[in-house]
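For the sequence shown, our numbering gives the first residue as 145, with consecutive numbering after it. Ideal Cβ placement from N, Cα and C applies to all residues, glycine included. So the structure is just underneath, and the comments pick up after that.
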Amino acid sequence: MSTPLAQSLRARAYESFRQQILRAHIRPGQFVSQRELVQLLDMPLGAVRELIPRLEAEGLLRTVPQRGLQIAHVDLKLIHNAFQLRAMLEREAALHFVQSVSDADLADIEQAHLDVVHQAEAGPITDALLTQATSVDWGLHDLMIDTLGNELISQTYRINSLRVRLIHLERSTLSAEVLLPAMQEHLNLIDALKSRDPSSVAAKVAFHIHSAHQRVLGQDRRVLGAPRLHATATH
Numbered sequence: 145m146s147t148p149l150a151q152s153l154r155a156r157a158y159e160s161f162r163q164q165i166l167r168a169h170i171r172p173g174q175f176v177s178q179r180e181l182v183q184l185l186d187m188p189l190g191a192v193r194e195l196i197p198r199l200e201a202e203g204l205l206r207t208v209p210q211r212g213l214q215i216a217h218v219d220l221k222l223i224h225n226a227f228q229l230r231a232m233l234e235r236e237a238a239l240h241f242v243q244s245v246s247d248a249d250l251a252d253i254e255q256a257h258l259d260v261v262h263q264a265e266a267g268p269i270t271d272a273l274l275t276q277a278t279s280v281d282w283g284l285h286d287l288m289i290d291t292l293g294n295e296l297i298s299q300t301y302r303i304n305s306l307r308v309r310l311i312h313l314e315r316s317t318l319s320a321e322v323l324l325p326a327m328q329e330h331l332n333l334i335d336a337l338k339s340r341d342p343s344s345v346a347a348k349v350a351f352h353i354h355s356a357h358q359r360v361l362g363q364d365r366r367v368l369g370a371p372r373l374h375a376t377a378t379h
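The following block contains the structure:
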């Protein structure tokens with residue numbers, strides 16, 4: 145039976161791996177040895193060895209004979225599957241969120257987005273602003289999922305989010321060109337949430353995830369020569 149200490153080490157090792165993806169210190173398709181993973185995660189070898197089967201089961205890593213450990217390779221199948229799962233989970237979450245989120249919380253969420261937009265409009269769009277925008281972006285998605293209060297869904301979503309992050313590292317990130325269109329999509333969703341219109345909320349979530357999918361595939365032409373978003377405009 146696992147001891148609390150062993151469970152704690154495994155949890156810390158997993159969280160460290162997750163942070164390496166979020167900070168882009170681990171890249172899709174990258175090969176690493178167990179020793180390199182120990183150094184990267186700053187965790188004992190035993191904890192890393194116990195972590196590997198979990199990462200393999202979640203499709204985040206695989207063992208390649210005579211080559212080592214390979215971080216998930218991004219291909220079209222992974223992209224399709226990850227975004228399809230994301231769309232299903234977030235639609236359900238959004239339909240619950242529109243009924244449960246308070247007006248005050250929505251106002252705070254909207255203001256966080258508008259703060260990003262104001263800074264982007266004033267320019268320049270710095271790496272610090274992109275980091276802030278990413279936190280605001282994913283923060284809304286995470287909040288909608290967690291408001292369901294279903295640990296199984298939250299866990300499934302978090303695992304899939306790591307796949308999506310790897311996809312973005314390989315194919316697309318929240319760049320200066322993408323920031324404003326993405327923020328506009330979120331502000332449109334927030335407007336639908338404020339109006340308490342479930343059908344509009346579902347449509348706005350679906351459109352946002354579809355657009356993110358298209359950006360990853362390089363098929364979203366709105367980011368090319370897109371008009372700048374005015375924070376004071378009606379969304």
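Terminal residues of the alpha helix (DSSP H) in which residue i lies
{"i": "R235", "result": "220–244"}
{"i": "S200", "result": "The question names Ser, yet the displayed sequence has Glu at residue 200. 189–201 is the extent of the alpha helix (DSSP H) around E200."}
{"i": "T278", "result": "271–290"}
{"i": "R359", "result": "342–360"}
{"i": "P268", "result": "That residue, P268, is in no alpha helix (DSSP H); it is neither H nor E in DSSP."}
For residue i, three-class secondary structure by DSSP
{"i": "L207", "result": "According to the sequence provided, residue 207 is Thr. The question's Leu does not apply to it. The answer is strand: DSSP assigns T207 an E or B state."}
{"i": "I215", "result": "strand"}
{"i": "H169", "result": "coil"}
{"i": "N332", "result": "helix"}
{"i": "N304", "result": "helix"}
{"i": "S298", "result": "helix"}
{"i": "D186", "result": "coil"}
{"i": "S339", "result": "coil"}
Beta-carbon proximity of residue i to residue j, cut-off 8 Å
{"i": "G203", "j": "R309", "result": "no"}
{"i": "A216", "j": "L205", "result": "yes"}
{"i": "L199", "j": "K338", "result": "no"}
{"i": "L331", "j": "I269", "result": "no"}
{"i": "Q178", "j": "L213", "result": "yes"}
{"i": "A157", "j": "L195", "result": "yes"}
{"i": "V242", "j": "R340", "result": "yes"}
{"i": "M327", "j": "A266", "result": "no"}
{"i": "R171", "j": "L287", "result": "no"}
{"i": "A231", "j": "A336", "result": "no"}
{"i": "L229", "j": "N294", "result": "no"}
{"i": "H240", "j": "L292", "result": "yes"}
{"i": "E329", "j": "S298", "result": "no"}
{"i": "Q226", "j": "I311", "result": "Here the sequence assigns Ala to residue 226, which means Gln is not the residue at that position. Against a cut-off of 8 Å, the Cβ pair of I311 and A226 comes out as a contact."}
Residues sharing a beta bridge with residue i, DSSP
{"i": "V176", "result": "L213"}
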